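**Q** Protein chains in written order, with the UniProt record's numbering: chain A, 1 to 626; chain B, 1 to 758.
Encoded structure:
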């Protein structure tokens, strides 16, 4: 006899842990546990049998892998969190006693954790990291558009905005953007970086407020991780593209709301030396911040020249730029999409590895807008269209009200398209020059740009001309294979339409109606007639209705065939139904589920088709009436 | 309450001295709430329970029980209090002003401040207490002289103690809760009175006591004359009082004035470390020197597999567009439905909307909420890896041979024999397949012909027919009918001569064995051969009386043994016709026997109780196996002609197929009837079986059994025969196959018996 097996010593009882037990084991607070889970990417698991995993209790709980928790127990961040707890106690004690100097020294020695090792653990290879930046990008873009408040610090928002701009710069530089979708939630972009499809959502330019039922702490913890992840990913992307990371920021332009244009992409002269050089400058940065710049900023604040405390960072950046020039050849000319040779130059700079090759512009559609120059009208969103147009190789300008940094002004002769989003207004006092512009340029609505991108070719501008009713904007991401396709003509609609037409005709003429009704009845009779006598009777009826024999015969044969087919299918169906009773319970449930889903989708599809039909009919009627 | 009592004790001790003469002044309204009565009222119920619980125990003297009792009694004391209250009301007004004025009112004996002779300092002197008759509080006029004892000792007695003369002090009357309440409303002093446990009634507190309470509440010293700011007495300071002589004569140690060497060494160690650069005094510790971002992926990745990436959110469809095709826009009712459903139940988290221009698109108000819920999903939602099935659901349906290739089987109803709307419970087909006997609830047994349905004869009995069963022998022709506690054997009319003779011979054998010495519970009575006719039963069998007729009759294949099942314990009998002998094979059976069955080839006997089917060997009298169909209540059972397979139907809609050589668990469980199964039957020659149910349908199956043990039996559903009406929730009671023909006879609750032909 083998050893007796004790309950709860092996299997699911051992492999899973409830959250409360995990917290007890880690000896941390729930908030710390949450932070750890977010940072380490540990999530609850669903055991096969909840009762077995929870010692016979079926109470609703979340389970974690015991190994995951054991893995968390060794986490340096957990140690730092504990240290931080001790630090917080010491600090509050010092503050409570009014021991300012010790509080200051404590603050200086505050334990800070780094997430580098976590990034490396969660994403062992660079591809893993790139594949998983979707959520990170969404969050960064969201926070870049948030107003700062007591919970969300302005530096955080500034950092998010910087990361967002860096990503956009990279996508524009490599022409990696593939699809754009203007949805009611925001703008979905899809880019192809290192053969990974990355989709992110950017809200429209409105001030968002964080709702009260959203836990900002959770979002900030995620943001902490995402900022680090994106920093490393961008560093690698930039250095692989032989660019300097971080791209230097032009403070003046930034203050003029130049957005992405405030950053300049610098090519590293020697791709290998670039990182070390950069790291040096970072070091220099660190020292500068601590001493001189702070004083300068304070001075500037007291002087009231600049109202913001944030000025210090740009100032440092400027300083850093100056130093950069020692190591990096200044190619500070603005990254101009028209400068096509920039990409080959880059490849010569570094050895053409696989990764750099993949960043090369791939197809002509990636430089779709290269021959065109766009002018943004005042009411269109500059960040969206500047990004799209530049990512597809076009040039774009905008009025000063949309921000500084426009490469050309409205009078530029090279402008081919004007993106405009307002109704047509006839103006009497148009100058000659304006009229000339109006004649030479094409005025299109913003959707044209996006639809061109999604179609991969330049569409006719006429459909999208200013003031016209736009064709529907469809998702470039596609739907399920069996979903309703709005672009296709409705399948199976022809028959119905015929019927409907027939009915309409019937409505039109009363004599025709009289003819058609008995014919139908006769055909029905012929189809169901089993013996010759019944068929004969049907024939007579048809004749009485005034149908000649030839057509009747044809129709009746058709009808009979149809009836037979229906019978056969019905028999088949009953056979299938009977065979269903031989299925096992499991199979039957699976079958029912699949059938349910199929039926639901079909119903959805039919519903949409039906709606489309009624809409079209309505349209037809209206056009007829008018 | 406790506090109040303590206060009382305290005040008693101090109540001596010249101020003794102050009459028991009425309580006055304090600005502070004392809150004495409130507690006692609220806790009234608890108190009862407590005291009840403690009665059984040894009467330990504990304070809690004391106070409890007092509260308990407090209710009663209220009525007397009211009277006292009236008397004291008059004086109340006079005393009212005194209390507020601290200076004038002295509760304690007045202290005098005199200059001490010894120290020359002023000190307070309290007047001497003269040990006369009045000096002690114990001499107060308290009627009850029992002393400081737990008052619950007097709980069961009508009195509360004894006065100084040894007379009983009777327990004061207590009012009920209403009185108590009225007192709190009417009597202004009631809230300043406390329960006197000695007298077992509420007594108003004196102003001294109230003052003490107030002081305690304000965290003051209860002594009104206590002065916390007395002038300090300088004993050792001041002119002329300095200590000139040292306390200790030991010489001053050296360490008091020499700097520490060890301290210096320690400091020097740090100084040296700073000089050598081992300690950086003011380095910024928080801002780490490491670069923020570096090439983290340049070195070789570890071999550990990357954690599974989180599932990506679904990409948006056309409906989410700012300018979708019009058919995506919700209609008014769809919009309403969407708004009415809970956010978590919605299929889409947004309503499609159409804007004519991009500039008109507003901000999406749920943006942050959606991001947040995505993050919650990422770290809070349990994840399960699921294989996505890419199969056609039709491929799940088992591929079976087409029913048309398995002909013949009954497909249509060839005739219908009405039974005067009586439920037909039972039917039997003659072994040659020409005749059917049916028994209905009206007690009528009909004999009719299968092909045309012509009724040949009917026998009318007094009560309903439990079962009819045709003897399976082909050389004789008779059937058994079970009615009440009788089994009748009937010879059908118009039999050819030799068969009739053989039948009569079989039912009335010439040489009967001698009757057993112990008279059996079953009696055989026969009609003399001369009178025997087809009109009346030839032979009858009287079973032990039971309210219901035997519910089942089963013949052994050879036609000599007949088993009958009646309700109740020991309801199973096996009758031998040739010997006119009956025996009960089981003394006691576990559970109520539902059905029995003879094995077609072996001396085995199946007994179905409510849940199990047991298989006995009659020759060896052993239990062979117990089959567990997993049915709650077995309704029907039949054995395959080969004897290796058994089907069991149940009232819980299930049909179980047992391969007797395989296992005692069913090989297949079929659930296809919508209601309870009533009857199952194997065809004796064709590979068919049928089941009937209360849903009014009959299911015909093809059941092919293979001789080799490796092949599983093939079960193919062939046809659902519908035609019987469901009446009172009852459908088809019995189905029987016609031997030698693929025909089926069914009897229903609607009073119809149908013949189904191929």
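Glycine is no exception: its CB is placed at the ideal position from the N, C-alpha and C atoms.
Since this is a predicted model, take the numbers as computed values, not measurements.
1) Can you grab the Cα-Cα spacing for the pair residue 118 of chain B / residue 224 of chain B, in whole Å?
2) Check whether the Cβ of residue 615 of chain A lies closer than 8 Å to any Cβ atom in chain B.
3) Any beta carbon of chain A sitting closer than 8 Å to that of residue 702 of chain B?
4) Check whether chain B comes within 8 Å of residue 469 of chain A, counting only Cβ atoms and requiring the distance to be less than that.
5) Consult DSSP for residue 631 of chain B and reduce its assignment to one of helix, strand or coil.
6) DSSP three-state label for residue 460 of chain B, please.
7) Would you call the CB atoms of residue 148 of chain A and residue 157 of chain A closer than 8 Å?
8) Taking just the CA atoms, how far does residue 82 of chain A sit from residue 16 of chain A?
9) So for residue 629 of chain A, helix, strand or coil by DSSP?
10) Pick out whichever of B:196, B:192, B:218 has its Cα sitting closest to the Cα of residue 210 of chain B.
11) Tell me whether residue 320 of chain B is buried or exposed, calling it buried when 16 or more other Cβ atoms sit within 10 Å of its Cβ.
12) Note down the Cα distance separating residue 121 of chain B from residue 242 of chain B, rounded to an integer number of angstroms.
13) My output table needs one value for residue 186 of chain B: the three-state DSSP class, helix, strand or coil.
14) Rounded to whole angstroms, what is the Cα-Cα separation between residue 6 of chain A and residue 14 of chain A?
15) Should the segment 385-392 of chain B be called in touch with the segment 720-738 of chain B, which here means at least 3 C-beta pairs below 8 Å?
16) Let me know the secondary structure DSSP gives residue 383 of chain B once reduced to three states.
17) Along the segment 550-578 of chain B, where does the CB come closer than 9 Å to a CB of chain A? Name the residues.
18) Would residue 591 of chain A count as contacting chain B if we go by Cβ distances under 8 Å?
19) What residue ranges within the segment 131-185 of chain A form continuous alpha helix (DSSP H) runs of no fewer than 4 residues, ordered along the chain?
20) State whether the segment 106-121 of chain A contacts the segment 224-240 of chain A, with contact taken as three or more CB pairs (one from each stretch) at a distance under 8 Å.
21) Name the chain B residues whose beta carbon is nearer than 8 Å to that of residue 387 of chain A?
22) Between residue 478 of chain A and residue 314 of chain B, what straight-line distance do the alpha-carbon atoms span, to the nearest angstrom?
23) Please report the distance separating the alpha-carbon of residue 217 of chain B from that of residue 200 of chain B.
24) Per DSSP, what are the beta-bridge partners of residue 606 of chain B in this structure?
25) Under 8 Å between C-beta atoms, does residue 119 of chain A make it to chain B?
26) Using a threshold of 8 Å, state whether the C-beta atoms of residue 377 of chain A and residue 420 of chain A are closer than that.
27) Extract the residue ranges of the alpha helix (DSSP H) inside the segment 249-298 of chain B, only unbroken runs of 4 or more that lie entirely within it.
28) Any idea if residue 356 of chain B is buried or exposed, counting beta-carbon neighbours within 10 angstroms, 16 or more meaning buried?
29) Hey, how far is the Cα of residue 245 of chain A from the Cα of residue 616 of chain A?
30) Mind checking residue 228 of chain A: buried by the 16 CB within 10 Å criterion, or exposed?
31) Residues of chain B with a CB under 8 Å from the CB of residue 131 of chain A: which are they?
32) Check each candidate in A:171, A:93, A:205, A:598 and name the one with the smallest Cα separation from residue 185 of chain A.
33) Could you tell me whether any Cβ in chain B is nearer than 8 Å to the Cβ of residue 218 of chain A?
34) Listed from N- to C-terminal order along the chain, which residues in the segment 409-422 of chain A have their beta-carbon within a distance smaller than 9 Å of any beta-carbon of chain B?
35) Taking residue 301 of chain B as the reference, give the member of A:36, A:129, A:481 with the closest Cα.
36) Would you mind stating whether residue 697 of chain B and residue 721 of chain B have Cβ atoms separated by less than 8 Å?
**A** Let me lay it out:
1) For the purposes of this step, residue 118 of chain B is taken as the residue at position 118 of the second chain. For the purposes of this step, residue 224 of chain B is taken as the residue at position 224 of the second chain. Spanning the two alpha carbons is a distance of roughly 27 Å.
2) Along the first chain, one-based indexing puts residue 615 of chain A at 615. With 8 Å as the cut-off, residue 615 of chain A counts as an interface residue toward chain B.
3) Locating residue 702 of chain B in the second chain gives position 702, counting from the first residue. Answer no: the Cβ-Cβ gap between residue 702 of chain B and chain A never drops below 8 Å.
4) To locate residue 469 of chain A, count along the first chain from 1; it is residue 469. It does; some Cβ of chain B falls within 8 Å.
5) Counted from its first residue, the second chain places residue 631 of chain B at position 631. Reduced to three states, the DSSP call for residue 631 of chain B is coil.
6) Numbered from 1 along the second chain, position 460 holds the residue referred to as residue 460 of chain B. Residue 460 of chain B: strand per DSSP, three-state reduction.
7) In the first chain, residue 148 of chain A corresponds to position 148, counting from 1. In the first chain, residue 157 of chain A corresponds to position 157, counting from 1. Cβ distance < 8 Å, so residue 148 of chain A and residue 157 of chain A count as in contact.
8) Working through the first chain from its first residue, we reach residue 16 of chain A at position 16. Working through the first chain from its first residue, we reach residue 82 of chain A at position 82. So the two alpha carbons sit approximately 25 Å from each other.
9) Absent from the structure is residue 629 of chain A, since the part of chain A shown begins at 1 and ends at 626.
10) In the second chain, residue 210 of chain B corresponds to position 210, counting from 1. Taking only the C-alpha atoms, the option nearest residue 210 of chain B is B:192.
11) Translated into positions along the second chain, residue 320 of chain B becomes position 320. Burial call: buried.
12) Taking the first residue of the second chain as position 1, residue 121 of chain B is located at position 121. Taking the first residue of the second chain as position 1, residue 242 of chain B is located at position 242. Rounded to the nearest angstrom, the two C-alpha atoms are 20 Å apart.
13) Here residue 186 of chain B refers to the residue found at position 186 of the second chain. In this structure, residue 186 of chain B counts as helix in the three-state DSSP scheme.
14) In the first chain, the residue the question calls residue 6 of chain A occupies position 6. In the first chain, the residue the question calls residue 14 of chain A occupies position 14. One C-alpha to the other measures close to 12 Å.
15) no
16) Numbered from its first residue, the second chain carries residue 383 of chain B at position 383. Reduced to three states, the DSSP call for residue 383 of chain B is strand.
17) none
18) Taking the first chain and counting its residues from 1, the one referred to as residue 591 of chain A is at position 591. So, interface residue.
19) 134-144, 154-174
20) yes
21) Looking up residue 387 of chain A in the first chain gives position 387. What residue 387 of chain A touches in chain B: nothing, since even the nearest Cβ is about 15 Å away.
22) Taking the first chain and counting its residues from 1, the one referred to as residue 478 of chain A is at position 478. Taking the second chain and counting its residues from 1, the one referred to as residue 314 of chain B is at position 314. So the alpha carbons of these two residues sit roughly 11 Å apart.
23) By one-based count along the second chain, residue 217 of chain B stands at place 217. By one-based count along the second chain, residue 200 of chain B stands at place 200. Approximately 26 Å, taken between the alpha carbons.
24) Locating residue 606 of chain B in the second chain gives position 606, where the first residue counts as 1. Answer is B:597, B:615, bridged to residue 606 of chain B.
25) What you label residue 119 of chain A is simply residue 119 of the first chain in a count that begins at 1. Yes - at least one Cβ of chain B is within 8 Å of the one on residue 119 of chain A.
26) On the first chain, residue 377 of chain A is found 377 positions in, with the first residue counted as 1. On the first chain, residue 420 of chain A is found 420 positions in, with the first residue counted as 1. In this structure, residue 420 of chain A lies closer than 8 Å to residue 377 of chain A by Cβ.
27) 261-276
28) Within the second chain, the letter at position 356 stands for residue 356 of chain B. When all chains shown are included, residue 356 of chain B counts as exposed.
29) Along the first chain, read from residue 1 onward, the residue named residue 245 of chain A stands at position 245. Along the first chain, read from residue 1 onward, the residue named residue 616 of chain A stands at position 616. So the two alpha carbons sit approximately 55 Å from each other.
30) Residue numbering aside, residue 228 of chain A sits at position 228 when the first chain is read from its first letter. By the 10 Å Cβ count, residue 228 of chain A comes out buried.
31) For the purposes of this step, residue 131 of chain A is taken as residue 131 along the first chain, with counting starting at 1. Those within 8 Å of residue 131 of chain A in chain B are 309.
32) Translated into positions along the first chain, residue 185 of chain A becomes position 185. The candidate whose alpha carbon is nearest that of residue 185 of chain A is A:205.
33) By one-based count along the first chain, residue 218 of chain A stands at place 218. Yes, residue 218 of chain A lies at the interface with chain B (some Cβ there is under 8 Å from its Cβ).
34) 421, 422
35) Residue mapping note: residue 301 of chain B aligns to position 301 of the second chain, counting from 1. Checking every option, the nearest Cα to that of residue 301 of chain B belongs to A:129.
36) Your numbering for residue 697 of chain B matches position 697 in the second chain. Your numbering for residue 721 of chain B matches position 721 in the second chain. It is a contact, given that the beta carbons lie within the stated cut-off.
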